[in-house]
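S.K.: Mind looking over this structure? Questions follow.
Protein chains in written order, with my numbering: chain A, 105 to 691; chain B, -3 to 509.
Okay, structure coming up:
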């Protein structure tokens, strides 16, 4: 009797408690949709990748999928226009005048049309005038100080409010990738002035503020543009997720994953095939491989190491490809530090210095480095033979044929010895800097040191982990590091090569090269641009500026359940054709 | 006491302040925060560098920049606690809040399990000192202790994660696996229970036989695809629990205690079906509520059985009730397993190797049991790797500590006056053996907020360890200082707690001013 009483009490009490905590809409039925899961190394932190702190590959890959642009790079790489979104035409070349027009019907995901006010904001946010670290208006744009600074007058908006005309005050050859429609103007204004809730009024007010150079309003707008779109989990204010691309952010879980859902209105560009794309944040490469093997993710992509490639090759049901990216390893020689490659060392005898430089470059085992260090990762790896054009891009093959890089394709110890003898220099010392803790660079250095020794060079190990800080300080004679092409901009290498350029760390100075660059800045014809780049390339090899060695290999692996995945040497790498991706898995 | 506390706290504060200065200077000089910008090919390199300098106040030398940071910390007194911003523009206070949460979630189970199993192993090895079991367990725990965590993690993922998921595609054991498992089980159990050769042989035969039967049953019924305990199994396990708990708390001779345990098991079985009926509507809070209720029922039953030893019976009842309730919950989770594992979002591969949960699971279900299974499948591997590695320390400490106590005179006295072995060990030896372990446990809980760098990174959990690693790698001083502030304060606090708990547990020790 006692027992029954107790258990009865227990049941009633349990029932009461359980009902009190009843979950709304409970039930164990799992429903389905379609999706695919990709991976990034680091979490998403900002829906505005145009800010200095939000400008990371990881943000920009996601934002690439949630926004529309005038053009994008395919994996050739070549710039492809998306005329369904909008068009741009060169109205005049002198002064350079471009008219950008948004196609009718293109709208933000909240239904507001995309128009000239958005473009005007994109201009204002990215010019140095409104990016003054010490002044009041600071949008903190990552693009400030770039080409848009040349558009000095407030751009004109057409009567239809669909077009904006940029007038560049100087020649600017890379205009085609310099301007994008970034953030939604009406959202930025409404966030800055919460009392305004009407999109049209917000747009008009924003246009007025920029045209009138209204500092008070601009300070608020800049603050919103620069920091309000930073997010690490789904924001409560859904306005911040408004975008104009094939996908919109539907869920962001801090440090775990982001999910994009297809924008049902989207019709202005390549149409995506998947209803959802999830990108998980996994830093460790081995963890990525195992997650792929376990079916938790379908696509992984990243800098390749021999270990990850070997692990991936061993998996069944997984396709592995390697791509040569736009980051390229190279050796630069210092021209102005009183070292063995500086004419000043030989009393201003430029020929002597040139011969020593040529001799040293002839000993660099470029092919050997590729065979030993890169081939195990990517068996299709080839020498990068141009200082100015990315392999695969238009003009590369023509330039390589004539630039003289062939002289440095193979190690030529005898040739080097002969050159040294001709210059009358015996066993010169070369202080060689590289990133010491980077095992690949340490191996490259070892190969170079051993090879150069045979020709009589005494290569001194100046490996240093703070090599980035020491660039250009003259403490080294040769340096091994990598540059990255972030686009196919024809003036991409200008700051490295031109006399006094911001990235010209080795003191290279050549008047004809400088002239060629000046001409290039005003040359809008593609074939003439390539000819000029080839000319510069040739001068660099002739002057024994240094050598390019290889492009960093990137590995992409994907499950057999997904199709149409390929990598792109340029950012956004594997994400470039997300609209083609299909998946047979329903999730 | 109060003077002691205030003196200790004041001294700790000063230590923290001085240490923060040193750490700030060291971390600010640990590398170049502009490293990535120096080799950028961006046209506006100069502007980018200026923006970064403005964001992180890099134009102020580090010894002075510290005071900008300290100023933000001191603003706590005007309610505007500010630890600055990270390089990606996030507030450090937000980053810390989330990282501490993740770390505690990841490490609390692992630490608790490591303590429980470590002490269990320590006690059993101490009681069977220098036996085959002692040597085997010692060797194994040291083996795991000496393995690097990244290695353990990768191996676990490969075999326990991916391997088990593959196994689930056709969940059956071939005959030789069953045979091997039976042999191992026999060997292990005879080692633990010991005795003469005949007794060992019988133990081995029973253990091996039972293992073979269970595995064959599991294999034939494809149990792993759709696991559950069922009411019959629950009854067997429940009675086992009742006997075990009674043995440990009061000894089987105390009949009222035993009856209490058995009654509680009967109640548990009686509510089994009703519980499963309502289970779909439960949330985490109602389950916790039910757990409290269960313990209360256990206490009540013990009290009602009464007798002279109400307290002991009530304790038996409460413990048994909790364990039986736990078994019922495990059974309920198992019943969700098939539903979970075969869903489209899991696709037959339930054990996760990365992250804290399946992405977008909440879009398809908010069922408490499914979500719990999901947490379990994602916590399993990191928890295992952490437990395996930290087991050794606890087991060695408790083994040494118990052996120490067992050799004391008062244990001999206890035995001499005729107390049974259970009372000697549970009441006189075990309690005293726990005193030194308490200190270690307190320190470990303090160290817990520091995170587990490698485990976190390999399993893609963004806790304190990863925050520290990222900050150090990018020379991002603000998050680094935030990390230091939290871990430093917690270390100081737990140090104090360890001292206080020591005085509470050991009457011979007094806090002196």
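The C-beta atom is built at its ideal place from N, Cα and C for all residues, glycine as well.
1) Going by the CB atoms, is the gap between residue 444(A) and residue 460(A) shorter than 7 Å?
2) Cα-Cα, which of 239(A), 485(A), 249(A) is closest to residue 232(A)?
3) With 16 other CB atoms within 10 Å as the buried threshold, where does residue 607(A) fall?
4) Let me check understanding here. Comparing Cα to Cα, which of 512(A), 139(A), 257(A), 328(A) lies closest to residue 648(A)?
5) So, are the CB atoms of residue 346(B) and residue 382(A) less than 7 Å apart?
6) How far does the beta strand (DSSP E) with residue 185(B) in it extend, from its first residue to its last?
7) Identify every residue that forms a DSSP beta bridge with residue 431(A).
8) From the DSSP output, in three-state form, read off residue 432(B) for me.
9) Give me the Cβ distance between residue 244(A) and residue 330(A), rounded to the nearest whole Å; I'm assuming they're in contact under 8 Å.
10) With 7 Å set as the bound, which would you pick, yes or no: does the beta-carbon of residue 186(B) sit closer than that to a beta-carbon of chain A?
11) May I ask you to report which of helix, strand or coil DSSP gives residue 333(A)?
12) Let me know if residue 356(A) comes out buried or exposed under the rule of 16 or more other beta-carbons within 10 Å of its beta-carbon.
13) Counting only Cβ-Cβ distances shorter than 7 Å, please list the residues of the segment 64 to 84 of chain B near chain A, keeping chain order.
14) Tell me, please, whether the CB atom of residue 246(B) is closer than 7 Å to any CB atom in chain A?
15) Would residue 173(B) be called buried (16 or more neighbouring beta carbons within 10 Å of its own) or exposed?
16) For residue 94(B), go through chain A and note every residue whose CB falls closer than 8 Å to its CB, in chain order.
17) Is it buried or exposed for residue 197(A), if we count other Cβ within 10 angstroms and need 16 for buried?
18) Kindly indicate which residue of 497(B), 39(B), 449(B), 502(B) has the alpha-carbon position closest to the one of residue 146(B).
19) Go through its chain and collect everything with a Cβ distance to residue 158(A)'s Cβ below 6 Å, but skip five positions before and after it.
20) So for residue 422(B), helix, strand or coil by DSSP?
21) Would you please verify whether the beta carbon of residue 35(B) is less than 7 Å from any beta carbon of chain A?
22) I'd like to know whether the C-beta of residue 386(A) is nearer than 7 Å to at least one C-beta of chain B.
23) Starting from the Cα of residue 213(B), find the closest Cα among 171(B), 250(B), 236(B), 165(B) and give me that residue.
24) Please confirm if residue 382(A) has its CB atom under 7 Å from at least one CB of chain B.
25) Beta strand (DSSP E) containing residue 506(B): first to last residue?
26) CB-CB under 7 Å to residue 161(A), same chain, minus the five flanking residues each way: which ones, in chain order?
27) Measuring CB to CB, does residue 88(B) end up less than 7 Å from residue 351(B)?
28) Judging by CA-CA distance, which residue of 552(A), 508(A), 538(A) is the nearest neighbour of residue 468(A)?
29) Could you give the distance in angstroms between the alpha-carbon of residue 592(A) and the alpha-carbon of residue 679(A)?
30) Name the DSSP bridge partner or partners of residue 405(A)?
31) Under 7 Å, do residue 435(A) and residue 582(A) count as touching if we go by C-beta distance?
32) Assess contact between the segment 82 to 100 of chain B and the segment 331 to 343 of chain A, defined as three or more Cβ pairs (one per stretch) separated by less than 8 Å. Is contact present?
33) Under 9 Å, CB to CB, which of the residues in the segment 583 to 606 of chain A have a partner in chain B?
34) Assign residue 746(A) to buried or exposed, taking buried as 16 or more other Cβ atoms, counted over all protein chains shown, within 10 Å of its Cβ.
35) Mind checking whether residue 673(A) and residue 430(A) have CB atoms under 7 Å apart?
36) Rounded to the nearest angstrom, what separates residue 417(A) and residue 60(B) at their Cα positions?
M.R.: Put simply:
1) yes
2) 249(A)
3) buried
4) Residue 512(A) is the option with its Cα nearest to residue 648(A).
5) With respect to the 7 Å criterion, residue 346(B) and residue 382(A) are not classified as neighbours on the basis of their beta carbons.
6) First-last for residue 185(B): 171 to 189, but that is the alpha helix (DSSP H), not the beta strand (DSSP E).
7) 588(A)
8) DSSP places residue 432(B) within a helical segment (H, G or I) once states are collapsed to three.
9) 4 Å
10) Closer than 7 Å: no.
11) coil
12) buried
13) For the segment 64 to 84 of chain B, the set of positions with a beta-carbon nearer than 7 Å to some beta-carbon of chain A reads 83, 84 in chain order.
14) no
15) exposed
16) 336, 358, 359
17) exposed
18) 449(B)
19) Scanning its chain for C-beta atoms nearer than 6 Å, with the 5 sequence neighbours on each side dropped, one finds around residue 158(A) the residues 150, 152, in chain order.
20) helix
21) Judged by the 7 Å Cβ criterion, residue 35(B) is in contact with chain A.
22) yes
23) 171(B)
24) yes
25) Run containing residue 506(B): none; DSSP gives neither H nor E here.
26) 675
27) no
28) 552(A)
29) 18 Å
30) 660(A)
31) Result yes, Cβ atoms of residue 435(A) and residue 582(A) sit closer than 7 Å.
32) yes
33) 585, 586, 587, 588, 589, 590, 593, 595, 596, 597, 598, 599, 600, 606
34) Since the first residue of chain A shown is 105 and the last is 691, residue 746(A) is not available in this structure.
35) yes
36) Straight-line Cα distance between these residues: approximately 53 Å.
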